[in-house]
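The structure appears right after this line, and notes come after that.
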Amino acid sequence: MMDIEQFRKAGYEAIDRICDFYYRLEQKNVVADVEPGYLQNLLPAQAPEDGEDFKIIADEYQRLIVPGLTLWQHPSFFAYFPTACTFEGMLADLYASSACNPGFNWICSPACTELEVVVCDWAAKLLGLDKAFWNESKTGGGVIQTTASDSVLVATVAARSRYIRANPDADLSKLVIYVSSQTHSAGAKAALILGLTNRILDVTLDDNLALRGSTLRAALEEDMAAGKHPFILIATVGTTSTGAIDKLPEIFEVANDFPSLWVHIDAAWAGLSLVCPENRELCYLDRINKSATSFCTNFHKWGLTNFDCSVLWVRNRIDLTEALDITPTFLRSKHGDAGTVIDYRNWHLGLGRRFRSLKLWFVLRSYGVRGFQSYIRKGINLNRKFASLVRSSSEIALVTQPSLALSVFHVNAPMDAQDSISAQNSLTTAVYESLSARKDIQLTQTSVQGLTCIRFAVGAARTEERHIEKAFAIILEETKSAIRVFKMKGAP
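In my numbering, the protein residues as written are 463 to 954.
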């Protein structure tokens, strides 16, 4: 058990080791070189009876834990989505942990609530969100959730509650959530948790996998005619799979005819592109500002803020509090009763909450608007570089148009292949398996309209053009090898 001076010494050593880790980051493998169960075999079966010296614990972290980490900050990490990890965020997490309060109401620690109120407005202004979504408006506002999945779930709970209040006789078993086939699985999970129907709407490559208004209208009319109750649509700006952006102008035109429909915009990774004015038309910011019921984006993805930090904004905060406000006597306070403060426990599912706003505040102040814009533009430009290299190749091809910092590609079938789709899928799978076996790079796969594809997501703060060129060279090397094997086997 540490005293203050022991903590001081261990803290200095921890910072030194973290700095050394980042100095050597590029020389390390991206992917952890361990097998399932490796750690269980290296650790005792139970906690020690007596406390151990912290130096031993810290050394074992270096020896046992660090080798099992996949390095999302590595400049050759191109899997999943960008994930932020800045030194400002690390220090903020340290300070927040030292305060260590659950933050469930204002009086718990006024700074926790008040800073969140402020930084959610700073973030809204950074993205260009309308005043209706600012806490300053006193009607709408922002709240920090854990992830976009939680933001989707909270929005769905609030939408259900709003619908039931307006339609008290509605059969709850007939409420319907609408998503597209490209929507993040958070939509399906929300339906699973709440015991609701999740209707998946088709999209096509001709529309770059964006949900169209006509598709939505047909589904809504069909379900209403069958006695069902449409109550929420989860539309997406930048789907995880391909970066698709739903046709929001068409969607909101349809939603105008269905006023009970809550339209939530999930912009988990792509939402941060809105910090750059040149991306706002592409992402339909004007329509979001005019018509969206709620909007979320993850600052822990492309927003330079350490996990977790998903910000959810709502046009009407009463939709949250009407659905989620449970205030037993022991949680009441004079400020809460008077309505002069926000009690954020009524804006999300849990009671306690971490002091997440501190890290967002540190990062926003340290980088500033221009720093955010520079970082986003760099990621987009690096992806453009990768896309241009793909277009210069005869072996691989883009499946969809590049979306901000994400490209999706597959392997071209040889000219003499009898079944080109089958050959493309077989070759792309082989290339992906070869890439996955490597430790010096990481990508992820997806499926698009029956095509097996590989995703290339840019966004690590330390990625430079040379890393893009190296990644492309590795992909091309593995592709050519797969094509040679394919031809030797005489595959059809």
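Backbone N, C-alpha and C define an ideal beta-carbon position, used for all residues, glycine too.
Does DSSP classify residue i as helix, strand or coil?
i      : result
Ser722 : coil
Pro510 : coil
Trp823 : helix
Arg479 : helix
Ile727 : strand
Gly466 : Contrary to the premise, residue 466 reads as Ile rather than Gly in this sequence. Three-state DSSP puts Ile466 in a helix.
Phe540 : coil
Thr702 : coil
Gln904 : strand
Asn760 : strand
Leu860 : strand
Leu671 : coil
Phe817 : coil
Ala944 : helix
Trp809 : helix
Leu744 : coil
Ala785 : helix
Phe769 : coil
Asn491 : coil
Arg779 : coil
Leu868 : strand
Asn660 : strand
Val910 : strand
Ser642 : strand
Val920 : coil
Ile804 : coil
Leu504 : coil
Leu710 : helix
Val665 : coil
Val496 : coil
Leu637 : strand
Leu774 : strand
Cα-Cα, which of the options is closest to residue i?
i      : options                           : result
Arg547 : Leu654, Tyr484, His810 and Ala509 : The residue you asked about is not Arg; residue 547 is Cys in the sequence shown. Cα-wise, what sits closest to Cys547 is Tyr484.
Leu786 : Val616, Leu736 and Thr701         : Val616
Ile707 : Ser855, Ile937 and Leu866         : Leu866
Phe757 : Tyr500, Ile606 and Ala507         : Ile606
Ser856 : Lys600, Arg624, Ile937 and Asp555 : Ile937
Thr759 : Val493, Ala585 and Leu671         : Ala585
Thr767 : Arg794, Gly833, Ser722 and Glu895 : Gly833
Val638 : Ile655, Asn660 and His646         : Asn660
Arg917 : Tyr894, Thr532 and Leu487         : Tyr894
Val699 : Leu710, Glu578, Glu927 and Lys690 : Leu710
Ser647 : Asp633, Ile713 and Ile662         : Ile662
Arg674 : Ile655, Asn503, Ser642 and Leu501 : Ser642
Gly603 : Leu851, Glu927, Leu774 and Thr891 : Leu774
Ser559 : Leu889, Ser819, Gln904 and Ala944 : Ser819
Asn491 : Ser538, Tyr523, Thr609 and Ile477 : Ser538
Leu844 : Glu467, Ala554 and His929         : His929
Leu811 : Arg794, Val831, Leu782 and Gln489 : Leu782
Ser722 : Ala922, Ala628, Gln489 and Leu588 : Ala628
Asp668 : Ser882, Gln863 and Ala509         : Gln863
Ala933 : Ala610, Pro510, Phe848 and Glu475 : Phe848
Asn751 : Val776, Cys738, Leu822 and Ala476 : Val776
Note down, in chain order, each residue of its chain lying with its Cβ closer than 6 Å to the Cβ of residue i, except the 5 sequence neighbours on either side.
i      : result
Phe566 : Arg807, Leu813 and Gly814
Trp724 : Ala621, Ile694 and Thr755
Ser896 : Glu940
Asn563 : Cys570 and Ser571
Ala653 : Ile639 and Asn660
Asp482 : none
Output needed for residue i: all residues of its chain with C-beta closer than 7 Å, excluding positions within five of it in sequence on either side, in chain order.
i      : result
Gly513 : Met463
Asp805 : Asn567, Trp568 and Gly798
Val861 : Val870, Phe871, His872, Val910, Leu913 and Cys915
Val825 : Thr548, Glu550, Gly551, Leu766 and Thr767
Ser828 : Glu550
Tyr557 : Leu820
Ala494 : Pro529, Gly530, Leu531 and Thr532
Arg590 : Checking the sequence, you will find Gly at residue 590 rather than Arg. Closer than 7 Å at Cβ, skipping near neighbours: Leu736, Arg742 and Leu747.
Arg479 : Gln524
Under 8 Å Cβ to Cβ from residue i, same chain only, skipping five residues before and after it: list those, please.
i      : result
Glu598 : Asp583
Lys949 : Pro876
Tyr500 : Gly530
How close, in whole Å, do the beta carbons of residue i and residue j come, if the pair is a contact with beta carbons under 8 Å?
i      : j      : result
Tyr640 : Leu678 : 7 Å
Ala875 : Ala885 : 4 Å
Phe761 : Cys574 : No, Phe761 and Cys574 are not in contact; Cβ-Cβ is about 17 Å, not under 8 Å.
Lys636 : Lys593 : At roughly 36 Å, the Cβ-Cβ gap does not stay under 8 Å, so Lys636 and Lys593 are not in contact.
Thr701 : Thr645 : 7 Å
Phe469 : Ile903 : Actually they are not in contact, since the Cβ atoms of Phe469 and Ile903 sit about 39 Å apart, beyond 8 Å.
request  = Kindly provide the ranges of any alpha helix (DSSP H) runs that are 4 or more residues long and lie completely inside the region 547–632, ordered along the chain.
outcome  = The region 547–632 contains these whole alpha helix (DSSP H) runs: 549–561, 572–589 and 610–628.
task = Would you mind listing the alpha helix (DSSP H) stretches within the region 672–696 that are 4+ residues and don't spill past its ends, in chain order?
result = Counting whole runs of 4 or more residues, the region 672–696 contains the alpha helix (DSSP H) stretches 675–687.
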